[in-house]
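Working notes, structure below.
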Amino acid sequence: MAKRYMEVACRKQSLVCLAADRSTMAGLNQLIDEVGQHIAALKTHVDLIDDWTAESWAAFCTKAQTSDLLIFEDRKFADIGKISRNQMAGIYDIRSWADLVTAHLISGPDIVDGLQAGWTDVNRHGGVLLLAQMSSRGNLLSPQYTTLVVEKGKAHDGVFGFIGNGSRPNELRDLRKAVGEGKMIWTPGVNLVVGDGEMGQRYGDPAQAVAAGSDCIIVGSGIHKAENPAQEAAKYAAVSWQALQMR
Ligand code: S5P
Numbered sequence: 042m043a044k045r046y047m048e049v050a051c052r053k054q055s056l057v058c059l060a061a062d063r064s065t066m067a068g069l070n071q072l073i074d075e076v077g078q079h080i081a082a083l084k085t086h087v088d089l090i091d092d093w094t095a096e097s098w099a100a101f102c103t104k105a106q107t108s109d110l111l112i113f114e115d116r117k118f119a120d121i122g123k124i125s126r127n128q129m130a131g132i133y134d135i136r137s138w139a140d141l142v143t144a145h146l147i148s149g150p151d152i153v154d155g156l157q158a159g160w161t162d163v164n165r166h167g168g169v170l171l172l173a174q175m176s177s178r179g180n181l182l183s184p185q186y187t188t189l190v191v192e193k194g195k196a197h198d199g200v201f202g203f204i205g206n207g208s209r210p211n212e213l214r215d216l217r218k219a220v221g222e223g224k225m226i227w228t229p230g231v232n233l234v235v236g237d238g239e240m241g242q243r244y245g246d247p248a249q250a251v252a253a254g255s256d257c258i259i260v261g262s263g264i265h266k267a268e269n270p271a272q273e274a275a276k277y278a279a280v281s282w283q284a285l286q287m288r
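In the numbering used here, the protein residues as written are 42 to 288.
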């Protein structure tokens, strides 16, 4: 999964994963049309969409694949293994279209087996990103918890990386030390305008995040709320690619 992502990243010279947090299918489709060429992965919250239908979602996923994008459903699974496996099915049938998902390890390592079983149930492969840190203020992911998540995640083949806090380069540097080179770190909480965001979100500088060890910057409102999303996406792509080369 990491290799697939890096191949796309190299083709597009971009470490940007777009957090496509829009609430209509038309808004999402428009966004991919505008910025698809500048991003290396697409992150969704399928349960945000007001007018979701299975057919419109399938067409959207085809559009993403045509734009050479891995599809990442940011579901933040957290339940026990067997329930997480079943949550990969259900009305959204995440296992059938998502290449990657996020999970908390709060319920223990069997959640990863559950998610992997979900993909196996439909003869697909996927990768899990474990939340080792978060970008939001006051979150309860203590350094000790982060250490345990990294320890368990490093030992599991079903985990290809971790979510790290892009708003705090120092935390990210520590995370990279703990993770080593074998797994990826993807980082939300980055924006070209650094500082506090809405409802406790915090933003750090994308270039500093990459310099500190991030393999992928997850950018939401910095792109989808911009007046010219294509132009902004190109900016984030250039900044991330330049920072990677420096590193
Ligand atoms: O700690 C986190 C983890 C995630 S995955 N903080 C986050 O903000 N995210 C996600 O990244 C969040 O769900 C949202 O989709 C995106 C950030 O969006 P932005 O608009 O703040 O850039």
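Positions of the beta carbon are idealized from the N, C-alpha and C atoms, including for glycine. The model shown is predicted, which means the values in this text are computed figures rather than measured ones.
Ligand 1 has no heavy atom closer than 7 Å to the beta-carbon of residue 129. For residue 177, the distance from the CB to the nearest heavy atom of ligand 1 is below 7 Å. Judged by their CB atoms, residue 89 and residue 62 are nearer to each other than the 8 Å cut-off. Residue 227 sits in a strand when the DSSP states are folded into three classes. Just so you know, the alpha carbons of residue 67 and residue 73 end up roughly 10 Å apart.
Boundaries of the alpha helix (DSSP H) harbouring residue 194: 184–195, taken from the DSSP string. Distances taken from the Cβ of residue 84 to the heavy atoms of ligand 1 include one shorter than 7 Å. Under the three-state reduction of DSSP output, residue 73 falls in the helix class. If you draw a 10 Å sphere on the C-beta of residue 222, you find fewer than 16 other C-beta atoms in it, and that means exposed.
When Cβ pairs closer than 8 Å are counted between the two stretches, the stretch 249–261 is seen not to touch the stretch 190–197, the count staying below three. Contact fails between the stretch 260–275 and the stretch 212–226, because fewer than three Cβ pairs, one in each stretch, are under 8 Å apart.
The beta carbon of residue 70 sits closer than 7 Å to the beta carbons of 101, 104 from its chain, once the five residues preceding and following it are set aside; these are given in chain order. Residues 245, 246, 249, 250, 252, 253 of the same chain have their beta carbon placed closer than 8 Å to that of residue 210, with the five preceding and five following residues left out of the count. The nearest non-hydrogen atom of ligand 1 is less than 7 Å from the C-beta of residue 242. Taking a 10 Å sphere around the C-beta of residue 157, we find 16 or more other C-beta atoms and assign the residue as buried.
Sequence-distant Cβ neighbours of residue 52 in its own chain, meaning closer than 8 Å and more than five residues away, are 109. Straight-line spacing of the CA atoms in residue 78 and residue 277 works out to 12 Å.
For residue 213, there is no enclosing beta strand (DSSP E); the residue is found in the alpha helix (DSSP H) stretching over 210–220. Runs of the beta strand (DSSP E) spanning 3 or more residues and lying entirely within the stretch 43–90 occur at 57–60, 82–85, in chain order. The C-beta distance from residue 282 to residue 54 rounds to 5 Å, short enough to fall under 8 Å.
In this structure, ligand 1 has a non-hydrogen atom nearer than 7 Å to the beta-carbon of residue 262. Contact between residue 168 and residue 201 holds: their C-beta atoms lie close to 4 Å from each other, under 8 Å.
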